[in-house]
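A quick write-up on the structure given underneath.
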Amino acid sequence: MTRVLRRFRSLPIRSRLALLVAAAVAFAVAAVAVTCWFIVQGKLYEQLNDDLQDGAKPQSLGQVQLLLRACPQTPEGNTSTLRSHSIYLQLVKADGTACVSSNSEGKVKVTDADKSVIKNASSGDGHFRNGTDEDGNAVRVLTVPLIVTQGIGGPPALYPDAALSVAVPLKGTQSTLNELALILLLVSGVGVIGAGAAGLAVARAGLRPVDELTDAVEHVARTEDLNIRIPVEADSEDEVARLSRSFNSMTSALASSRELQQQLIADAGHELRTPLTSLRTNIELLTRSEETGRPIPEADRKALLSSVKAQMTELASLIGDLQELSRSEGQRGERVQVISLEDTVEAALRRARLRGPELTINADLQPWYVRAEPAALERAVVNILDNAVKFSPDGGTIEVALHDGALTVRDHGPGIPADELPHVFDRFWRSPSARALPGSGLGLSIVARTVEQAGGQVTLAHAEGGGTVATVRLPGAPTPPPEAP
Numbered sequence: 001m002t003r004v005l006r007r008f009r010s011l012p013i014r015s016r017l018a019l020l021v022a023a024a025v026a027f028a029v030a031a032v033a034v035t036c037w038f039i040v041q042g043k044l045y046e047q048l049n050d051d052l053q054d055g056a057k058p059q060s061l062g063q064v065q066l067l068l069r070a071c072p073q074t075p076e077g078n079t080s081t082l083r084s085h086s087i088y089l090q091l092v093k094a095d096g097t098a099c100v101s102s103n104s105e106g107k108v109k110v111t112d113a114d115k116s117v118i119k120n121a122s123s124g125d126g127h128f129r130n131g132t133d134e135d136g137n138a139v140r141v142l143t144v145p146l147i148v149t150q151g152i153g154g155p156p157a158l159y160p161d162a163a164l165s166v167a168v169p170l171k172g173t174q175s176t177l178n179e180l181a182l183i184l185l186l187v188s189g190v191g192v193i194g195a196g197a198a199g200l201a202v203a204r205a206g207l208r209p210v211d212e213l214t215d216a217v218e219h220v221a222r223t224e225d226l227n228i229r230i231p232v233e234a235d236s237e238d239e240v241a242r243l244s245r246s247f248n249s250m251t252s253a254l255a256s257s258r259e260l261q262q263q264l265i266a267d268a269g270h271e272l273r274t275p276l277t278s279l280r281t282n283i284e285l286l287t288r289s290e291e292t293g294r295p296i297p298e299a300d301r302k303a304l305l306s307s308v309k310a311q312m313t314e315l316a317s318l319i320g321d322l323q324e325l326s327r328s329e330g331q332r333g334e335r336v337q338v339i340s341l342e343d344t345v346e347a348a349l350r351r352a353r354l355r356g357p358e359l360t361i362n363a364d365l366q367p368w369y370v371r372a373e374p375a376a377l378e379r380a381v382v383n384i385l386d387n388a389v390k391f392s393p394d395g396g397t398i399e400v401a402l403h404d405g406a407l408t409v410r411d412h413g414p415g416i417p418a419d420e421l422p423h424v425f426d427r428f429w430r431s432p433s434a435r436a437l438p439g440s441g442l443g444l445s446i447v448a449r450t451v452e453q454a455g456g457q458v459t460l461a462h463a464e465g466g467g468t469v470a471t472v473r474l475p476g477a478p479t480p481p482p483e484a485p
């Protein structure tokens, strides 16, 4: 059985569907054919039983007198006429012997069921059975208690020591049933073969979109071409159409992801080239000084070492930002939890005050709880505060507020030109006026991605009176949910 299941599972899906359809039809046809055969058999036997009951009625027993003469132990009397055309007729005695009518087709073998009719003659019940005659031919037998009449017009009387057996041949009935079984078998076979062919045709037609999808997947695996699409009818909502739409969506997402990946690699390569070139130049100067024995003036040497340190710090920051952007959604989703945005902003403010000790940072924070990744959200708030610190004038003021899920950070710096506002969240984009300042151009891009993953929005706009105001809106509540710690 296990081997058969394995071979079945190894077949193509269209062959399995065709076999399943054929098997289902075969089962249904077999059930109908068997039911039909038994119904016809029951009807034919019911007709034979009616004929036997008509033949066993007292008023139709015209031949009983001849039987009584052949069996002198039975009482004589007036009897009716017995019809004997193609019929077996005999009297069965209590000892199991039979007296056969001269008009009978032959002698029917007596069984214990016939004797029991004599023993229970008072009940008046007869017994139907299938039996054989002395030549082995199949017959349908009815054995009933023997009823005779005493004199002309006398009342019928039950004779307790004998029973009347009436039988008819089953040859015609069995021949009819055999022919019916053959016809049903032929029709069932044709139906199963037709069902298998129809199932194969339906499977081919129904799985044609799956074949197209398979060809498309194989094409993508072979050529890595993600621009292929499977045509889908707009109003189709079946499983194959949904699968095709999902495949198209998947290839679109993969193509977009590949394009973003290539763009990220290109941008990262461009951004890494500048600090690496500067590092290489400074290190070559220091190495050449050592090799030639011409020492660099101490002030210049310190300047070179400070430049190398600053460039390495910038490289480390850039690499950290690239790692943050390369993290998958699944890695982020595992760390999402309910956190206090107020506490997150407080932690970010402590770091911002260390980076700009000469600045005044005023904070007005109210409780607000959100679902986000704690480390990523704190990094995003730190990036916003770092931008405010970076562009604030010496001795300036930064105003931070958190009310009803809206976090605002306002500085009093030069502000952002209106034509540059649409690009502030692009990767590696830096304002021309800020390219001399440290930074990778990824800070606000990380902010936008983190906030969007938390279900919020972030915007930058001009502030009244000068400067820039950054607004972060996150869905949440002023109190934590019951399941949150």
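Mind the numbering: the sequence shown is residues 1 to 485 in full-length UniProt numbering, read in order.
Think of the CB as a built atom: it goes at the ideal place given N, C-alpha and C, for glycine as much as any other residue.
For clarity, every value in this text was computed on a predicted model and none was experimentally measured.
Item	Value
Beta-carbon proximity list for Val232, same chain, < 6 angstroms, skipping 5 on both sides	Ala241, Ser244, Arg245
For Glu218, three-class secondary structure by DSSP	helix
CA-to-CA distance, Val21 to Glu46, given in whole angstroms	37 angstroms
Contacting residues, own chain, Cβ-Cβ under 7 angstroms from Gln73 (five flanking each side not counted)	Reliability fails at Gln73, whose pLDDT of 42 lies under 50, so the model's placement of it is uncertain and the value that follows must be treated cautiously. Cβ within range, chain order: n/a, list empty.
Complete beta strand (DSSP E) runs within the stretch 343-372 (minimum length 3 residues, chain order)	360-365, 369-372
Cutoff 6 angstroms; reference Gly396; Cβ partners in own chain excluding five residues on either side	Leu359, His412
Alpha carbon of Ala216 to alpha carbon of Pro475, nearest angstrom	41 angstroms
Residue nearest to Leu315 in terms of C-alpha spacing, selected from Arg258, Gln53, Arg273	Arg273
Buried/exposed call for Leu442, threshold 16 Cβ in 10 Å	buried
Entirely enclosed alpha helix (DSSP H) segments - the stretch 92-179, minimum 4 residues	112-119
Cα-Cα separation between Gly465 and Pro478, rounded to whole angstroms	31 angstroms
Same chain, Cβ closer than 7 angstroms to Arg14, five either side skipped, listed in chain order	Leu200, Ala203, Arg204, Leu207
Distance CB(Leu279)-CB(Met312) smaller than 9 angstroms	yes
Rounded straight-line distance, which links the Cα of Ser289 to that of Val424	42 angstroms
DSSP state of Arg16 mapped onto helix, strand, coil	helix
Segment limits, alpha helix (DSSP H) that includes Ile384	374-391
Ile339, enclosing alpha helix (DSSP H) - first and last residue	Looking at the DSSP string, Ile339 is not in any alpha helix (DSSP H); the run it does join, the beta strand (DSSP E), is 337-340.
Top-ranked residue by Cα proximity to residue 488, from Val141, Leu180, Leu184	The question about residue 488 has no answer here: the residues shown for the chain are numbered 1 through 485.
Neighbourhood of Arg177 by C-beta, 8 angstroms cutoff - its chain only, sequence neighbours within 5 removed	Arg is not the amino acid found at residue 177; the sequence shown has Leu there. Here the set comprises Trp37, Val40, Gln41, Leu44.
DSSP state of Ile39 mapped onto helix, strand, coil	helix
Rounded straight-line distance, which links the Cα of Pro12 to that of Gly196	15 angstroms
Separation of Ala18 from Gly131, as counted between CA atoms	46 angstroms
The stretch 375-383 contacting the stretch 416-423, beta-carbon criterion three pairs below 8 angstroms	no
From Thr471, Ala255, Pro480, Arg3, residue whose alpha carbon lies closest to that of Glu224	Ala255
Straight-line gap, Thr468 to Ile230 (C-alpha atoms, nearest Å)	48 angstroms
Length of the line joining the Cα atoms of Val389 and Ala372	25 angstroms
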